[in-house]
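Report on the structure given below.
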Amino acid sequence: VRAVDDARAAAPPHAADRELLRRYEPILRYTRGEEFFPSDVEWYLAQCSLWECDAVGRRELLVEEGQVTPAVLAQPRRAELGAVHYLVFSDPLDLPEMTAFVLREGVARLRAPEEGFRPSVGRLARVGYLSRLIDALFSFSLLLRGRVPGDTAAAAVLLNRTRHEGDQPHPYYGRVVREQGWVALQYWFLYPFNNWRSSFFGMNDHEADWEMLVVYLHEQPEGDLAPAWVAYASHDYQGDDVRRAWDDRQELERVGDHPVVYVGVGSHAAYYRPGEYLTEIEVPYLARLSRPVKTLHAFWVRLLRQSGAEPPRDEPEPFRVPFVDYARGDGASIGPGQARTWAPVLLEPVPSWVSQYRGLWGYYARDPAAGEDAPAGPMYNRDGSVRASWYDPAGWAGLDKVPPPPRELAILDEHMATLAVQQQELETRIVARTDELRAWGVELAALRGNAHLAARQLEVEQRVRTLSADLDTLRKEVAQGEVVLEALARRKRRIESPAARAADELDERRLHIRRRAQPATAAELRWSRWAELWAAVSVGVLLVSVVLLLVAAREFLFVGLLALLATFVFLDAVFRRGVGRLVRTVTNGLAVVTSLILIHAFFWQLAVLGIVAAGVYVLWDNLRELHR
Amino acid sequence: MGSALSSIGTPQPHEPHRTRRSRAVSFTAWVLLVEGFVLIGSGGLALLPLAVAGYWPVDRRDVALGALAFVVGWQVLVAALGVYWRRPWGWSVAMTLQVLSLADGLAQFLLGHPDYVLMLAGVVAVVVLNQEEVREAFSARGG
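Protein chains in written order, with the working numbering: chain S, 191 to 818; chain L, 1127 to 1269.
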């Protein structure tokens, strides 16, 4: 053991970091049909050319394909305001190449259907009409927005297959950051392409995909490092929501010291559990419309109390487009003990290709929504600013407010002592204020009944009121402080008593999660093919029907539109097993409209009736009191 | 025989547990009963010329709406009994019939022959059916 310790002491400082990274390196489980796996930067760059796009969209080749290396990428380059540097990984296929690709893939799927990807329930079958309509608009907007050409994904697949990556270990780019008592092990993965949209009905395609996860360790009193938390990057989740406790086996799957990650097919988002995730992406520009809709919904549910006896559930956001992220984990696996293994690359010291290149790592589509633009490297955002996950890994996962476990007790003691001092000060102030108030009270009693001192009496009364209010505020603060101190004392007892801690630690370790990515339940996946078909065609059929109505029967436009809408909404409710809810909503809506008509027609009569009813009630109530 | 006697007064496993009918549920049933009669009356009046003299009014839509009110009225009476006896289907059927009752009232209003009593009866029925106590009484029973 001493020899090993001596060897460790003699080893360069980065060797210990490498060892730490290897000890907790993750196991990544992919879904069948995944084409892109973590790749090495050198190979990726060798396939790329480097370009510049200026503010008005003129594109200029800076470095030709085959000549881009990490060193070339890191070379300093001038860029005018609004110019963007970017890489181009794959050139789109021409028509014969694309045809051959499609045919080959089709034949391969026919020969071995079990090896390919099979979508389950369509994403549109899981959401309501408004989301489907927004989705149709979103898909239509792709024609107008900048986007990665469809055949680029096919070209990227072909290019990626030339790597023969099955024969060699996959690299991850590791980094060890010591911050606020936490030791963050960052694992970065470079995927050559994100083909979520073109291959898996997702939101976007883009070249290059940098994904990341972090394992957080803390130093124990004996000096060893112990894991406490992990955080996986996943779409727009951030802060506390991305973090899970290391020993929460219900939330986090592990094989020994290796956390298991379920990777979304095509999107490469990381999930804690296998399954199919309904991910809602906010559509820019429509977000501001969601507030009035939510207000209306809140009025309906809270004021009119129309939620019924159903359990509360998370309603999908009204102006978000739903996508399904498939993270089934039934495909290849990379990690310790798996068929494919890791080859760690330490980002320490930070290589110049990380710190010096602020451009995009793939095609710049000039998409205003940015979803089709490639990301920047691990250190930077698309706009060139430094990523929060890079400069503050603890804060990125909401750990900046969480002390490492061994330090918590000391911090708690210190905080309790500070609060106790504050309480003492408040008590002293209360005594002083009480004395003062009593003195004024005595004077006030003396002034009463002396008409010639009326002015002084008014002044003293005002002072007494002010002092009394002050005293009330101080007492409230003391009472609040006592409650807080009690809560802190309870927590201290819990920390000091391992038995009490073990009893509720797991629950407590989940309390920070506000929004959790949940895979679809078996019930949600139990949709019939007809329901899926209906969800897929409904919006299109509705729009065509409206046009037909306009052309063929314009005189019945209003009635026809109502009938159309009613039919579609009813059919949708049937397929989504929500007829009961629909009936309640329609009934209550009709009742509201009828009430408004009645109020309009009999406003004065209702007003008089209301006043008479109030008078009779008051009369009856008072007489009842007298009778008692 | 002995076993049959001993089972009297003992809740059987297949029988749902019966609680006291709340005042709100009884009141709802009475409101539905009144609404049912209002619907039958309103519909009957619209159908009277046709039934007595075989005379079709100029606007046959009035007759259709009257017929609808007449039919729905009888069904609302059945729903009122369902609510009073706290049958699991009582609340759902009553609520569904309100769609037809309110739609009938609104259609008459749009045609220029508003029947405000019918409309008021529909609104009051929806309000009482939406009382939390009533909803819970039926949701707890699987309604």
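For every residue, glycine included, the Cβ atom is placed at its ideal position computed from N, Cα and C.
For the stretch 526 to 546 of chain S against the stretch 356 to 371 of chain S, are there 3 or more C-beta pairs whose distance is under 8 Å?
Output reads yes: the stretch 356 to 371 of chain S touches the stretch 526 to 546 of chain S.
S:SER523 versus S:GLY256 - alpha carbon distance:
Spanning the two alpha carbons is a distance of roughly 30 Å.
Classify S:ASN812: buried if its beta carbon has 16 or more other beta carbons within 10 angstroms, exposed otherwise.
Of the other Cβ atoms in all chains shown, fewer than 16 fall within 10 Å of the Cβ of S:ASN812; this residue is therefore exposed.
Kindly list, in the order they appear in chain S, the residues whose Cβ is closer than 7 Å to that of L:VAL1219.
Here the premise fails: no neighbours, minimum Cβ distance about 10 Å.
Going by DSSP in three states, S:ILE787 sits in which element: helix, strand or coil?
helix
Go through its chain and collect everything with a Cβ distance to L:LEU1237's Cβ below 8 Å, but skip five positions before and after it.
ASP1185, ARG1187, ASP1188, LEU1191
Rounding to the nearest angstrom, what Cα-Cα distance links L:LEU1203 and L:GLY1162 in this structure?
5 Å
Determine contact between the stretch 1239 to 1258 of chain L and the stretch 1204 to 1221 of chain L, defined as no fewer than three beta-carbon pairs at a distance below 8 Å.
yes
Can you round the beta-carbon distance between S:PHE379 and S:GLU397 to whole angstroms, since I take them to be within the 8 Å contact cut?
Here S:PHE379 is actually not in contact with S:GLU397; their C-beta atoms are around 15 Å apart, not less than 8 Å.
Among S:ARG212, S:ASN571, S:ARG518, which residue has its Cα nearest to the Cα of S:GLY527?
S:ARG212
So within the stretch 605 to 644 of chain S, which uninterrupted beta strand (DSSP E) runs reach at least 3 residues, ignoring any that extend past its ends?
none
Taking the alpha carbon of S:GLU232 as the point to measure from, which residue in S:TRP543, S:ASP414, S:THR289 has its own alpha carbon closest?
The candidate whose alpha carbon is nearest that of S:GLU232 is S:TRP543.
Do we get a CB-CB distance below 9 Å when we pair L:VAL1252 with the residues of chain S?
Yes, L:VAL1252 counts as interfacial toward chain S.
Local Cβ density within 10 Å of S:ARG248, reported as buried at 16 or more and exposed below that
Under this definition S:ARG248 is an exposed residue.
Enclosing beta strand (DSSP E) for S:PRO417 [first to last residue]:
415 to 422
What distance in whole Å lies between the Cβ atoms of S:ILE620 and S:LEU664, which are believed to be in contact at a cut-off of 8 Å?
By a beta-carbon distance limit of 8 Å, S:LEU664 contacts S:ILE620. Their separation comes to about 5 Å.
Select from the stretch 1208 to 1237 of chain L all residues with a C-beta closer than 7 Å to any C-beta belonging to chain S, and list them in chain order.
SER1218, MET1221, THR1222, GLN1224, VAL1225, LEU1228, ALA1229, GLY1231, LEU1232, PHE1235
For S:HIS817, does the three-state DSSP call read helix, strand or coil?
helix
Return the bridge partner residues of S:ALA763 from the DSSP annotation.
Answer by DSSP bridge pairing: none, since S:ALA763 is not bridged.
For S:LYS666, I'd like the list of residues in its chain whose CB is within less than 7 Å of its CB, leaving aside the five on either flank, ordered along the chain.
none
Taking contact to mean 3 or more Cβ pairs, one atom from each stretch, closer than 8 Å, check whether the stretch 235 to 251 of chain S and the stretch 551 to 562 of chain S are in contact.
yes
Does any C-beta atom of chain S lie closer than 9 Å to the C-beta of L:GLY1162?
no
What residues from the stretch 787 to 812 of chain S come within 7 Å of chain L, judged by C-beta to C-beta, listed N to C?
ILE787, LEU788, ALA791
Could you check what DSSP says for S:ASN384 in three-state terms: helix, strand or coil?
strand
Which of helix, strand or coil does DSSP assign to S:TRP372?
strand
Give me the chain S residues within the contact set of L:LEU1246, using Cβ-Cβ distance strictly less than 8 Å, ordered along the chain.
Ordered by position in chain S, the residues that pass the 8 Å Cβ test against L:LEU1246 are LEU788.
From S:HIS458 to S:ASN384, what distance separates their C-alpha atoms?
7 Å
Residue of S:LEU733, S:GLU745, S:ALA721 minimising C-alpha distance to S:ARG766
If we check each option's Cα against that of S:ARG766, S:ALA721 comes out closest.
Taking the alpha-carbon positions, what's the S:GLY272 to S:GLN265 distance?
19 Å
Is the shortest distance between the beta-carbon of L:VAL1106 and the beta-carbons of chain S less than 9 Å?
What the structure shows of chain L is the stretch from 1127 to 1269, and residue 1106 of chain L is not part of that stretch, so it cannot be assessed.
Start and end of the beta strand (DSSP E) containing S:ALA435?
433 to 435
Do S:GLY588 and S:VAL432 have their beta-carbon atoms positioned less than 9 Å apart in this structure?
yes
Partners in chain S for L:VAL1249, counting only beta-carbon separations shorter than 8 Å:
ALA781, THR784, SER785, LEU788
For a contact meaning CB atoms closer than 8 Å, what does S:GLY770 contact in chain L?
By Cβ distance, chain L contributes SER1218.
Which of helix, strand or coil DSSP assigns to L:PHE1163
helix
Of the residues S:GLY800, S:VAL455, S:VAL668, the one placed nearest S:ARG222, counting alpha carbons only:
S:VAL455
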